[in-house]
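Using the numbering used here, read the first sequence as starting at 145 and increasing by one per residue.
Think of the CB as a built atom: it goes at the ideal place given N, C-alpha and C, for glycine as much as any other residue.
I have placed the structure first, in the form of structure tokens, so that the comments after it can refer back to it.
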Amino acid sequence: MPELPEVEVIRRGLAPRLVGRRFLTVEVGDKRLRQGSSPGQLARWLTGRRLMELNRRGKYLIFRLEGGATLLIHLGMTGRLLLGVPRNHGPHVHLFFTLEGGVTLAFQDVRRFGQALVFAPGEPLIPLEQVGREPFSRRVTPEWLAERAQGRTRPLKNFLLDGRVVAGIGNIYACEIMFAAGVHPATPAGALSLEAWQTVLNETRRILKRAIRQGGTTVNDYLNSRGETGLFQVELMVYGREGEPCRRCGSNIKRLVQAGRSTFFCPRCQPKKRHFS
DNA sequence: CTATAAACCTGCTGGC
DNA sequence: TGCCAGCAGGTTTATA
């Protein structure tokens, strides 16, 4: 469920409650996550250790522990990290941590696409090696995007969803970014002009920032660390609006399938020919 | 290289 | 009311 804004909102909610505290206990449920370290490994590297930092890369949360171990958490589609709920908070709590000061943290994930992997000090954080650049990084420029897209025929939608290039953009925000930039989702990535990349990048940053400020987007499952929904869903221009009128021009919002995922767009605000180089 | 499709799971909705 | 198809915020792997 969570894309970059939702993960960032969760991080900001967790950090003040968790950073500086020691983990006291780690409980692991019987159902397996898609990728999860063993109960023994989790206990070994977390128990008794203080959380030094809580960072984010793309859609990953990075828990830096006293002693140098690292816990990586990815929320998949339906993962939640909830503060202060009981161990038996529904049937899908797969990890339950207690920390100093009576603080508890539950990892709940209905579909179990999430990951919770612990790495010993010095061990390479393999999942992060695939993660692309942060959208807010100064190293992401129109020139760099154009270079990465050079000669590529893949649709812009697929390019934006490829977390190995720019990290953190998922299906909702990819649709919203392309609408805001006025680009048709099937435009070959390599056909965008430098000016078009500048627009796409500006809109990416504007929308992600706004979504973070609004506490993320709740369509179905997303809740922040306090169990609250986001607010950005009321600002969505195209996502999930097939058959409804475009909020800008009134045209019918269309849906198409790209890379096995629904893409929503306005055929009038996102014409095919604009922005070609 | 490119692009689907399938795989991993559960739950909800809409049509009949 | 029941059943079934289709869909859902993600990522990886296989296949053509």
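Measuring alpha carbon to alpha carbon, tell me which residue in the options is nearest residue i.
i    : options                : result
G194 : N364, G404, L216, F167 : Gly is not the amino acid found at residue 194; the sequence shown has Arg there. The shortest Cα separation from R194 among N364, G404, L216, F167 belongs to F167.
A264 : A250, A330, W189, T331 : W189
H236 : L226, L243, G245       : L226
E320 : N232, M381, R201       : M381
G164 : G180, E210, S181       : E210
L215 : L367, A403, G228, V170 : V170
G212 : F280, L269, I397       : L269
A403 : A330, R282, E287       : A330
G314 : T191, Q185, R405, A159 : R405
M196 : E278, A159, Q377       : A159
V229 : G307, I397, L367, I217 : L367
E379 : I217, L345, T362, G387 : T362
E439 : D365, R399, R412, K398 : In this structure the chain extends from 145 to 421, so residue 439 is not present and cannot be described.
F280 : N346, E273, K398, P389 : N346
Is the distance from the Cβ of residue i to the Cβ of residue j below 7 Å?
i    : j    : result
K203 : G360 : no
A333 : A293 : yes
R231 : F240 : yes
L148 : L352 : yes
R178 : V247 : no
V327 : Q414 : yes
S181 : L261 : yes
F409 : R385 : no
F376 : A355 : yes
H238 : D253 : yes
Excluding the 5 residues flanking residue i on each side, which residues of the same chain have their C-beta closer than 8 Å to its C-beta?
i    : result
N199 : R155, L205, I206, R208
E86  : Coverage of the chain is limited to positions 145 through 421, which leaves residue 86 absent and any answer about it impossible.
V275 : R201, G202, Y204, G307, R308, A311
E388 : N396, I397
L243 : L162, R165, R166, F167, L168, L195, L249
Sorted by chain position, which residues of the same chain lie with C-beta nearer than 6 Å to residue i's C-beta, five sequence neighbours on each side aside?
i    : result
A290 : L338, W341
R391 : M381
V344 : A325
R399 : E386, S406, F408
By DSSP, does residue i sit in helix, in strand, or in coil?
i    : result
V310 : strand
F376 : helix
Y366 : coil
A187 : helix
N315 : helix
K301 : helix
L345 : helix
R224 : strand
M322 : helix
A425 : The displayed coordinates of the chain run from 145 to 421. Any statement about residue 425 would go beyond what the structure contains.
R208 : strand
A355 : helix
R277 : strand
V163 : coil
E152 : helix
E291 : helix
P415 : coil
P332 : strand
I217 : strand
P235 : coil
L168 : strand
Spatial neighbours of residue i within its chain, please: C-beta separation below 7 Å, excluding the five flanking residues on both sides.
i    : result
R370 : G157, L227
E152 : R200, I356
L186 : V170, V172, V262
Exercise. Are the stretch 216 to 231 and the stretch 250 to 258 touching, with three or more C-beta to C-beta distances below 8 Å?
Worked result: In short, these stretches touch, since the Cβ pair count reaches three.
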